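Q: Sharing a structure, written as structure tokens. Questions coming.
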Amino acid sequence: MELKQKGEETSIDVSKPLIVSMKWTTAADFDLAAIYETKQGKQGLVYFGDKGQLNKFPYMALSGDEGVGDKGGENEETMRINRLDDMNYVWIFCWDYGMVQTGQAARFKDSDVKLSLADDSGHRTDVNINTGESGNVCCIATIDKSEAGETKLINYSQAGTLKGLKTLEQLIGVVQKFVI
8 MELKQKGEET SIDVSKPLIV SMKWTTAADF DLAAIYETKQ GKQGLVYFGD KGQLNKFPYM
68 ALSGDEGVGD KGGENEETMR INRLDDMNYV WIFCWDYGMV QTGQAARFKD SDVKLSLADD
128 SGHRTDVNIN TGESGNVCCI ATIDKSEAGE TKLINYSQAG TLKGLKTLEQ LIGVVQKFVI
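Okay, so the sequence shown: first residue is 8 according to the numbering used here, each after it adds one.
This is the structure we're talking about:
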């Protein structure tokens with residue numbers, strides 16, 4: 008399954024652990040991250056500075072930090088998600104670390120960043136970055152568990168431009184600008 012356009016969605020099974028994978032060969036320091044919002048409204052961030060934990064809250068963990076110093080090659084960052092029981096949303100982000108530091112536009116359009124979400128059964132969904140705009144941070148996809156019953160994976164492709172990344176609220180601001 009592939010979500011090519013902004014706003015496309017599919018149902019996903021979250022009863023099993025999930026693996027989010029971001030791959031690229033472009034010479035850029037892209038970072039995979041996730042913001043979560045619990046059913047109680049608590050928000051948090053899993054990223055290279057706080058890689059999370061699989062066996063206790065938030066039940067998601069990042070593999071590491073690749074492409075540091077704009078290194079090209081076979082770069083991949085993965086995030087494992089063991090449980091989403093208490094979550095309303097998980098917003099999956101990519102940012103260009105060097106461009107965020109300087110406030111310049113990222114190289115998303117000139118890159119080959121690919122995001123996929125897979126479960127332990129091998130069911131995989133690819134999500135294309137389709138921002139149509141510049142920015143140095145992109146909310147690529149959303150896992151939406153806000154309604155009872157069905158969990159959706161949505162191609163969000165919402166870009167924003169930040170100069171420095173110091174607060175969770177900066178990234179939430181990008182999420183809140185979502186327009187199809």
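Beta carbons: idealized from backbone N, C-alpha and C, even for Gly. It should be emphasised that the depicted structure is a prediction, and the values quoted were computed from it without experimental measurement.
Using CA coordinates, which residue listed in GLY180, GLY167 and ILE161 is at the minimum distance from GLU16?
A: Of GLY180, GLY167 and ILE161, the residue nearest in Cα terms is ILE161.
Q: So the candidates are LYS63, GLU83, ASN62 and ARG87; which of them puts its Cα closest to the Cα of LEU69?
A: Closest by alpha carbon: ARG87.
Q: What are the boundary residues of the beta strand (DSSP E) that includes THR45?
A: Run containing THR45: 37-45, per the beta strand (DSSP E) assignment.
Q: Going by C-alpha distance, which of VAL144, ASN62 and ASN95 is nearest GLY105?
A: Here the closest residue by C-alpha is VAL144.
Q: Looking at the secondary structure, which residues open and close the beta strand (DSSP E) in which VAL134 lies?
A: Residues 131-134.
Q: Which same chain residues end up closer than 7 Å to GLN111 when comparing Cβ atoms and leaving out the 5 residues on each side of it in sequence?
A: ASN143.
Q: How do the segment 46-55 and the segment 19-36 stand: do at least 3 beta-carbon pairs fall below 8 Å, yes or no?
A: Because the criterion of three Cβ pairs below 8 Å is not met, the segment 46-55 and the segment 19-36 do not touch.
Q: Between the Cα of ASP38 and the Cα atoms of GLY180, ARG90, GLU176 and LEU172, which residue gives the shortest distance?
A: Here the closest residue by C-alpha is LEU172.
Q: Determine, using beta carbons only, whether ASP127 and GLU9 come nearer to each other than 7 Å.
A: Cβ distance not < 7 Å, so ASP127 and GLU9 don't count as in contact.
Q: Just grab the DSSP bridge partners of LYS121 for me.
A: LYS30, per the DSSP bridge assignment.
Q: Would you list the residues sitting across from ASN162 in a DSSP beta bridge?
A: DSSP output for ASN162 lists ALA148 as bridge partner(s).
Q: Let me check understanding here. Comparing Cα to Cα, which of GLN183, ALA35 and ALA41 lies closest to TRP98?
A: It is ALA41.
Q: Count the other C-beta atoms from every protein chain shown that fall within 10 angstroms of the C-beta of GLY59, then say buried if there are 16 or more, exposed otherwise.
A: With 16 or more other Cβ atoms within 10 Å, it is buried.
Q: Going by DSSP, name the residue or residues bridged to ILE99.
A: Answer is ALA41 and ALA148.
Q: So is GLU176 buried or exposed if we call it buried at 16+ other beta carbons inside 10 Å?
A: So GLU176 ends up on the exposed side.
Q: From ILE187 to ASP119, what distance separates their C-alpha atoms?
A: Here the model assigns ILE187 a pLDDT of 45, short of 50, so the residue's position is not dependable and the matter cannot be decided.
Q: Buried or exposed for ALA113, please, with buried defined as at least 16 other CB atoms from any protein chain shown within 10 angstroms of its CB.
A: With 16 or more other Cβ atoms within 10 Å, it is buried.
Q: Taking DSSP as the reference, what is the three-state secondary structure of GLU81?
A: In the structure shown, GLU81 sits in coil (DSSP, three-state: anything other than H, G, I, E or B).
Q: Can you tell me which of the three DSSP states TYR104 falls into?
A: The answer is helix: DSSP assigns TYR104 an H, G or I state.
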